[in-house]
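As they're listed, the protein sequences go chains A and B.
According to our numbering, the stretch in the first sequence is residues 67 to 333, in order.
According to our numbering, the stretch in the second sequence is residues 21 to 233, in order.
Note that the Cβ used here is the ideal one computed from N, Cα and C, for glycine as well.
Just so you know, these numbers come straight off a predicted model, no measurement behind them.
A quick write-up on the structure given underneath.
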Amino acid sequence: MTTLLRLTALALAATAALAAQAQKSAADGIAEYRKMLEDGNPAELFEAKGEDLWQQARGPKKATLQRCDLGLGPGVVKGAWVQLPRYFADTGRVQDLESRLLTCMATLQGFDAAQIARTPFDQGEQATLAALAAWISSQSRGMKMALPQGHAEERRFYELGKRAFFYRGGPMDFSCASCHGEAGKRIRLQDLPQLSTNPGDGVGFAAWPAYRVSSGEMWSMQRRLNDCFRQQRFPYPGFASDVTVALGVYMGVNAKGAESIAPAIKR
Amino acid sequence: MKHQLLGAALAAALVVAGCATLPSSAELDAQAQAMIRGSFRAQGIAGLDRLEQDEGQRACSSEQPPPEAVARRIEAEAQATIRWPAAGQYLGDWREGEKLAQNGRGMTWTDRSAATSANGAQCYNCHQLSKEEISFGTIGPSLYQYGKLRGVRDPYDPASAAIVQYTWGKLWNSKAYAACSNMPRFGHAQLLDEAQIRHVMALLLDPASPVNR
Numbered sequence: 067m068t069t070l071l072r073l074t075a076l077a078l079a080a081t082a083a084l085a086a087q088a089q090k091s092a093a094d095g096i097a098e099y100r101k102m103l104e105d106g107n108p109a110e111l112f113e114a115k116g117e118d119l120w121q122q123a124r125g126p127k128k129a130t131l132q133r134c135d136l137g138l139g140p141g142v143v144k145g146a147w148v149q150l151p152r153y154f155a156d157t158g159r160v161q162d163l164e165s166r167l168l169t170c171m172a173t174l175q176g177f178d179a180a181q182i183a184r185t186p187f188d189q190g191e192q193a194t195l196a197a198l199a200a201w202i203s204s205q206s207r208g209m210k211m212a213l214p215q216g217h218a219e220e221r222r223f224y225e226l227g228k229r230a231f232f233y234r235g236g237p238m239d240f241s242c243a244s245c246h247g248e249a250g251k252r253i254r255l256q257d258l259p260q261l262s263t264n265p266g267d268g269v270g271f272a273a274w275p276a277y278r279v280s281s282g283e284m285w286s287m288q289r290r291l292n293d294c295f296r297q298q299r300f301p302y303p304g305f306a307s308d309v310t311v312a313l314g315v316y317m318g319v320n321a322k323g324a325e326s327i328a329p330a331i332k333r
Numbered sequence: 021m022k023h024q025l026l027g028a029a030l031a032a033a034l035v036v037a038g039c040a041t042l043p044s045s046a047e048l049d050a051q052a053q054a055m056i057r058g059s060f061r062a063q064g065i066a067g068l069d070r071l072e073q074d075e076g077q078r079a080c081s082s083e084q085p086p087p088e089a090v091a092r093r094i095e096a097e098a099q100a101t102i103r104w105p106a107a108g109q110y111l112g113d114w115r116e117g118e119k120l121a122q123n124g125r126g127m128t129w130t131d132r133s134a135a136t137s138a139n140g141a142q143c144y145n146c147h148q149l150s151k152e153e154i155s156f157g158t159i160g161p162s163l164y165q166y167g168k169l170r171g172v173r174d175p176y177d178p179a180s181a182a183i184v185q186y187t188w189g190k191l192w193n194s195k196a197y198a199a200c201s202n203m204p205r206f207g208h209a210q211l212l213d214e215a216q217i218r219h220v221m222a223l224l225l226d227p228a229s230p231v232n233r
């Protein structure tokens, strides 16, 4: 009897909620849905896994990543994410978080970086990278994007990234700018950040890595860009390839001062 | 003295490595081209040929729009590519058009086939069309009441001919009317075939279509 009463009450509440829902605009409903998602962001599970992997002796050399230099000195993780991509003197390259982690996994742990770059997302050491990116980005949560532009290579990569951003091609003539070149636009109901300028706190570059509810996966910026290019109808961008790093520099520098909420949660 | 020398050498190295001036804009353009070529691989139906730009794509690949004269030339060349429908048959079935408008699939590396039959018309991704569909994008203008607002009461009335032809041309090759339009060239790029375009035409212009009701 109590169960029946409770069920009836639940059903009534649900009906009332549905009726109220119908009064609201679609955008309100979506905003509410996003708010609800924020309460329990599964990205936390990946953060914990990433923190653990950082300290684990792994790879052919059975070493940890604790001496990995993410740009602020060996082992410094806090604040590193909001200053990537940046130039690294030891590799002579501008690197984003994922390509830098590949370097550390190769030099410190003895992994084959090229092989990891070829591995499909979510498999093998790619899953390791996604967890590491989640944890490392979480150590810059609330900080402002502050990519360095002091080195000529960093400035050159910004210029290359800008050109890649506006590069039209493929069967549908799309560039990044087709969707992300203007403010206040949507695809279906999905808001599109304008990435040719600063889109604001916790939007665009300052929101990735992120947990994707729709696919139940942790996506790094590399994966975000990969799926952008898929939908742009381009061929497949190499993992940590120059075009992806250059786009990171372009978006990250444009987002200067925006607060990072990574790892965020997405629909 | 030794320290001073070392300091001078370091400073010189820093100038070379860190504070050097950027390559010229034209050089950066060439470097970006090379970077793009070197960063992608073919996957499924998405071959590397997709990175090869035609003149219009190249002209519309920077922050600045192309010079007026270039834009006009691209538009004229695009105009010349438009293939008009066989036997003056412009309209198909708006119900099929609505299905195509809803369908955003096709041409990605996860799609099996690049045939027109595998593609949607993508319309709702960027445009409002019928009042009933609230999940629509805003990259393109609203097309709600497209035909009605343009006074199309009978698409086969000669008075409607201009707007009917413009709409066909826009769907076939959008760049004929705006060199750097964000809209794909559905006919020209073989994204949709004639029959599919006729269905989308009906969705936009048939007075019985939900777009115009």
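- Message: List, in chain order, every chain E residue whose beta-carbon is nearer than 7 Å to that of residue 204 of chain B.
- Response: The structure shown contains no chain E; its protein chains are A and B.
- When you compare only the Cα positions, how much space is there between residue 249 of chain A and residue 266 of chain A? 11 Å
- Query: Which runs of the alpha helix (DSSP H), 4 residues or longer, sit entirely within the region 102–187 of chain B?
  - Reply: 114–122, 143–146, 166–169
- Query: So is residue 300 of chain A in contact with chain B if we call contact Cβ pairs under 9 Å?
  - Reply: By this cut-off, residue 300 of chain A is an interface position.
- Message: Let me see if you follow: with CB-CB separation under 9 Å, is residue 22 of chain B close to chain A or not?
- Response: Any reading at residue 22 of chain B is ruled out, since the residue's pLDDT is 47, under 50, leaving its predicted position unreliable.
- Enumerate in chain order the residues of its own chain whose CB-to-CB distance from residue 190 of chain A is below 8 Å, with the five nearest sequence positions on each side excluded. 182
- Any C-beta of chain A sitting closer than 9 Å to the C-beta of residue 241 of chain B? No answer is possible for residue 241 of chain B: the residues shown for chain B start at 21 and end at 233.
- Residues, ordered as in the chain, of the region 120–137 of chain A that lie near chain B by beta-carbon distance below 8 Å: none
- Task: For residue 224 of chain A, count neighbouring Cβ atoms within 10 angstroms of its own Cβ and tell me buried if that reaches 16, exposed if not.
- Result: buried
- Message: Strictly under 9 Å for the Cβ-Cβ distance: is residue 144 of chain B near chain A by that measure?
- Response: yes
- Straight-line gap, residue 200 of chain B to residue 133 of chain B (C-alpha atoms, nearest Å): 27 Å
- Item | Contained alpha helix (DSSP H) runs [length at least 4] in the region 45–114 of chain B, N- to C-terminal order | 45–59, 75–79, 88–101
- For residue 251 of chain A, the three-state DSSP class (helix, strand or coil): strand
- Amino acids of chain A, ordered along the chain, whose beta-carbon sits closer than 9 Å to that of residue 217 of chain B: By Cβ distance, chain A contributes nothing, its closest Cβ being about 15 Å from residue 217 of chain B, past 9 Å.
- Is the CB-CB distance between residue 154 of chain B and residue 258 of chain A below 9 Å? no
- Query: Along the chain, where does the beta strand (DSSP E) that runs through residue 277 of chain A open and close?
  - Reply: Its beta strand (DSSP E) spans residues 276–278.
- Message: Against residue 61 of chain B, what residues of chain A qualify as contacts under a CB-to-CB distance less than 7 Å, listed in chain order?
- Response: 301, 302, 304
- Is it right to say residue 41 of chain B is buried, meaning 16 or more other beta carbons lie within 10 angstroms of its own, or is it exposed? exposed
- Specify whether the region 283–290 of chain A and the region 268–275 of chain A touch according to this definition: at least 3 beta carbon pairs, one from each stretch, less than 8 Å apart. yes
- Taking all protein chains shown into account, decide if residue 87 of chain A is buried (16 or more other Cβ within 10 angstroms of its Cβ) or exposed. Residue placement at residue 87 of chain A cannot be trusted, given a pLDDT of 46 that sits under 50; what the coordinates show is reported in the next sentence. Flag for residue 87 of chain A reads exposed.
- Under 7 Å Cβ to Cβ from residue 185 of chain A, same chain only, skipping five residues before and after it: list those, please. A distance below 7 Å between beta-carbons, with the five flanking residues on each side excluded, links residue 185 of chain A to the following residues of its chain, in chain order: 191, 192.
- Express the C-alpha separation of residue 43 of chain B and residue 22 of chain B in angstroms, rounding to a whole number. Bear in mind that the predicted position of residue 22 of chain B carries a pLDDT of just 47, short of 50, making it unreliable; the figure below should be weighed with that in mind. Answer to the nearest angstrom: the Cα atoms are 34 Å apart.
- Query: With a CB to CB cut of under 7 Å and the five nearest residues on each side skipped, what residues in its chain are close to residue 80 of chain B?
  - Reply: Excluding positions up to five away in sequence, the list reads 86, 199, 200.
- Message: With DSSP as the reference, identify every bridge partner of residue 316 of chain A, one or two as the case may be.
- Response: None; residue 316 of chain A has no bridge partner.
- Message: DSSP three-state label for residue 233 of chain B, please.
- Response: coil
- Query: Taking the C-alpha atoms as reference points, what is the distance between residue 136 of chain B and residue 179 of chain B?
  - Reply: 32 Å
- Task: Look at the alpha carbon of residue 325 of chain A and the alpha carbon of residue 186 of chain B, and state the distance between them as a whole number of angstroms.
- Result: 46 Å
- For the beta strand (DSSP E) containing residue 331 of chain A, list its first residue and its last residue. 330–332
- Roughly how many whole angstroms lie between the Cα atoms of residue 130 of chain B and residue 121 of chain A? 37 Å
- Where do the N-terminal and C-terminal ends of the alpha helix (DSSP H) with residue 215 of chain A fall, by residue? Residue 215 of chain A -> no alpha helix (DSSP H), and no H or E assigned at all.
- Which residues of chain A have a Cβ atom closer than 8 Å to the Cβ of residue 75 of chain B, listed in chain order? Near residue 75 of chain B there are no residues of chain A at all, since even the closest Cβ is about 11 Å away, more than 8 Å.
- Query: Does residue 261 of chain A come within less than 9 Å of chain B when only Cβ atoms are used?
  - Reply: no
- Task: Assess, as a yes-or-no matter, whether the region 297–313 of chain A is touched by the region 57–65 of chain B under the definition of 3 or more beta carbon pairs within less than 8 Å.
- Result: In this structure the region 57–65 of chain B lies against the region 297–313 of chain A, because at least three pairs of beta carbons, one per stretch, are closer than 8 Å.
- Task: Indicate whether the contact test is met: 3 or more Cβ pairs, each with one atom in the region 140–151 of chain A and one in the region 208–219 of chain A, closer than 8 Å.
- Result: They touch, by the three-pair rule.
- Cutoff 9 Å: residue 229 of chain B Cβ touching any chain A Cβ: So no, residue 229 of chain B is outside the interface.
- How close, in whole Å, do the beta carbons of residue 126 of chain A and residue 209 of chain B come, if the pair is a contact with beta carbons under 8 Å? About 48 Å separates the two Cβ atoms, so there is no contact after all.
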